[in-house]
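Undergrad: What follows is a single structure, and I will ask about it in a moment.
Numbering (the UniProt record's numbering), first residue to last: 1 to 301.
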């Protein structure tokens with residue numbers, strides 16, 4: 001009994017560590033892709049790579065679905081994968097990869113906020129306090145500038161709103177999954193929702209961008225393509241499967257811990273890549289992580 005419990009605990013922490021490294025590294029991979037490709041090209045090819053990896057899982061399962069389930073999976077694919085895949089690269093054209101990784105940690109708080117506003121869920125005092133603390137941290141992150149001063153309202157980095165929009169998309173997608181997919185497994189939801197957006201991503205990539213031209217003409221195109229391939233296949237496709245395993249293995253509360261560990265890896269990658277974090281940024285980062293923790297921690301029993 002103790003041996004089995006120890007093995008389960010080891011597996012849970014192992015999965016948490018792997019997912020932290022994978023998702024925490026996503027932002028530096030986006031940064032590398034943007035050195036050659038546009039935000040739209042990075043987002044679309046990321047989806048193509050992820051969906052292609054999961055084809056062996058999605059194709060055999062799609063024949064068992066009805067039209068309503070397919071429509072809902074398309075909606076889930078757009079909210080949970082496609083739209084955020086475009087928003088993050090757009091944000092990182094003006095935000096560092098490390099700060100983008102920190103702002104991404106706001107997702108659990110937006111789950112609470114979206115639930116309260118649109119799905120009749122209750123927002124507790126703890127949730128509200130967490131939101132206030134985290135948003136204070138966001139304001140610091142987007143308003144603090146080099147030299148230790150503060151931006152005026154017109155100088156605030158509005159590109160942070162792209163990350164916030166992605167967090168909101170993730171939040172709505174969670175409620176779509178909770179309310180519309182009671183009969184589908186997590187693997188079916190993950191793989192088939194990506195399959196649903198694959199045609200859209202392919203059409204946009206090859207008909208609406210210079211992706212093919214850059215592959216032929218840009219000297220670093222294939223290097224950047226490799227980074228985005230890893231981003232899609234590992235950071236999206238493989239990570240979704242591992243996260244589903246962790247939720248089943250350890251429960252949603254333990255799985256949510258990855259929210260707090262992702263920014264650590266994102267910040268480390270950013271610093272290693274020469275990104276400069278000022279003192280005010282560290283205060284903002286601390287406030288965001290503290291706010292997420294306060295807003296999501298369980299009551300002591």
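The C-beta atom is built at its ideal place from N, Cα and C for all residues, glycine as well.
Is the CB-CB distance between residue 284 and residue 131 below 9 Å?
TA: The sequence position of residue 284 within the chain shown is 284, counting from 1. The sequence position of residue 131 within the chain shown is 131, counting from 1. Not in contact: residue 284 and residue 131 (Cβ atoms no closer than 9 Å).
Undergrad: Buried or exposed: where does residue 213 fall if 16 or more other Cβ atoms within 10 Å of its Cβ makes it buried?
TA: Working through the chain shown from its first residue, we reach residue 213 at position 213. Exposed.
Undergrad: Go to residue 158, then tell me how far its alpha helix (DSSP H) extends in each direction, as first and last residue.
TA: The residue given as residue 158 occupies position 158 in the chain shown. Per DSSP, residue 158 belongs to no alpha helix (DSSP H) and is neither H nor E.
Undergrad: Is the Cβ-Cβ distance between residue 190 and residue 34 less than 9 Å?
TA: For the purposes of this step, residue 190 is taken as the residue at position 190 of the chain shown. For the purposes of this step, residue 34 is taken as the residue at position 34 of the chain shown. Cβ distance not < 9 Å, so residue 190 and residue 34 don't count as in contact.
Undergrad: Can you give me the Cβ contacts of residue 42 inside the same chain, cut-off strictly under 7 Å, excluding the 5 residues immediately before and after it?
TA: By 1-based counting over the chain shown, the position of residue 42 is 42. Excluding positions up to five away in sequence, the list reads 30, 33, 34, 89 and 228.
Undergrad: Would you report the Cα separation of residue 25 and residue 19, rounded to the nearest angstrom?
TA: Counting from 1 along the chain shown, the entry for residue 25 is found at position 25. Counting from 1 along the chain shown, the entry for residue 19 is found at position 19. Between residue 25 and residue 19, the C-alpha separation is close to 10 Å.
Undergrad: With distances taken from CA atoms, which of 49, 37 and 8 is nearest residue 230?
TA: Translated into the one-based positions of the chain shown, residue 230 becomes position 230. Answer by Cα proximity: 49.
Undergrad: When you compare only the Cα positions, how much space is there between residue 52 and residue 45?
TA: On the chain shown, residue 52 is found 52 positions in, with the first residue counted as 1. On the chain shown, residue 45 is found 45 positions in, with the first residue counted as 1. If I take the Cα positions, the gap works out to 10 Å.
Undergrad: Once DSSP output is grouped into helix, strand and coil, what is the label at residue 120?
TA: Translated into the one-based positions of the chain shown, residue 120 becomes position 120. Here residue 120 sits in coil by DSSP.
Undergrad: Tell me whether residue 210 is buried or exposed, calling it buried when 16 or more other Cβ atoms sit within 10 Å of its Cβ.
TA: As a position in the chain shown, residue 210 is number 210, starting the count at 1. Residue 210 comes out exposed.
Undergrad: Taking its Cβ as the centre, do 16 or more other Cβ atoms sit within 10 Å of residue 60, making it buried, or is it exposed?
TA: Counting from one through the chain shown, the residue named residue 60 turns up at place 60. Result: exposed.
Undergrad: Just to check my reading of the structure: residue 200 and residue 79 have Cβ atoms closer than 8 Å, yes? What is that Cβ distance to the nearest angstrom?
TA: Residue numbering aside, residue 200 sits at position 200 when the chain shown is read from its first letter. Residue numbering aside, residue 79 sits at position 79 when the chain shown is read from its first letter. With a Cβ gap of about 13 Å, residue 200 and residue 79 do not count as contacting.
Undergrad: Near residue 172, what residues of its chain come up, given a Cβ to Cβ distance below 7 Å and the 5 sequence neighbours on each side ignored?
TA: Residue numbering aside, residue 172 sits at position 172 when the chain shown is read from its first letter. The answer, listed in chain order, is 79 and 114.
Undergrad: Using a threshold of 9 Å, state whether the C-beta atoms of residue 98 and residue 162 are closer than that.
TA: For the purposes of this step, residue 98 is identified with residue 98 of the chain shown, where counting begins at 1. For the purposes of this step, residue 162 is identified with residue 162 of the chain shown, where counting begins at 1. Their beta carbons are not under 9 Å apart, which means residue 98 does not touch residue 162 by this criterion.
Undergrad: Can you confirm whether the stretch 268-287 touches the stretch 244-257 when touching is taken to mean that 3 or more C-beta pairs between the two stretches lie within less than 8 Å?
TA: The answer is no - the stretch 268-287 does not touch the stretch 244-257, with fewer than three Cβ pairs under 8 Å.
Undergrad: Beta carbon of residue 159, beta carbon of residue 69: below 9 Å?
TA: Within the chain shown, the letter at position 159 stands for residue 159. Within the chain shown, the letter at position 69 stands for residue 69. Not closer than 9 Å, so no.
Undergrad: Assign residue 206 to buried or exposed, taking buried as 16 or more other Cβ atoms, counted over all protein chains shown, within 10 Å of its Cβ.
TA: For the purposes of this step, residue 206 is identified with residue 206 of the chain shown, where counting begins at 1. Counting Cβ neighbours within 10 Å, residue 206 comes out exposed, since fewer than 16 surround it.
Undergrad: Check for me: the alpha helix (DSSP H) holding residue 141 runs from which residue to which?
TA: Working through the chain shown from its first residue, we reach residue 141 at position 141. Here the alpha helix (DSSP H) through residue 141 covers 125-143.
Undergrad: Please report the straight-line C-alpha distance between residue 243 and residue 208, rounded to a whole angstrom.
TA: For this step, residue 243 is matched to residue 243 along the chain shown. For this step, residue 208 is matched to residue 208 along the chain shown. Straight-line Cα distance between these residues: approximately 32 Å.
Undergrad: Is it true that the CB of residue 81 sits closer than 9 Å to the CB of residue 193?
TA: Taking the first residue of the chain shown as 1, we reach residue 193 at position 193. Taking the first residue of the chain shown as 1, we reach residue 81 at position 81. Yes, these two residues count as a Cβ contact at 9 Å.
Undergrad: Judging by CA-CA distance, which residue of 174, 23, 142 and 203 is the nearest neighbour of residue 236?
TA: The count along the chain shown starts at 1 and reaches residue 236 at position 236. Among 174, 23, 142 and 203, the Cα nearest to that of residue 236 is on 23.
Undergrad: Tell me where the alpha helix (DSSP H) around residue 246 begins and ends.
TA: As a position in the chain shown, residue 246 is number 246, starting the count at 1. Element bounds for residue 246: 239-250.
Undergrad: Could you pull the start and end residues of the alpha helix (DSSP H) that residue 26 belongs to?
TA: Looking up residue 26 in the chain shown gives position 26. Unbroken alpha helix (DSSP H) run through residue 26: 26-34.
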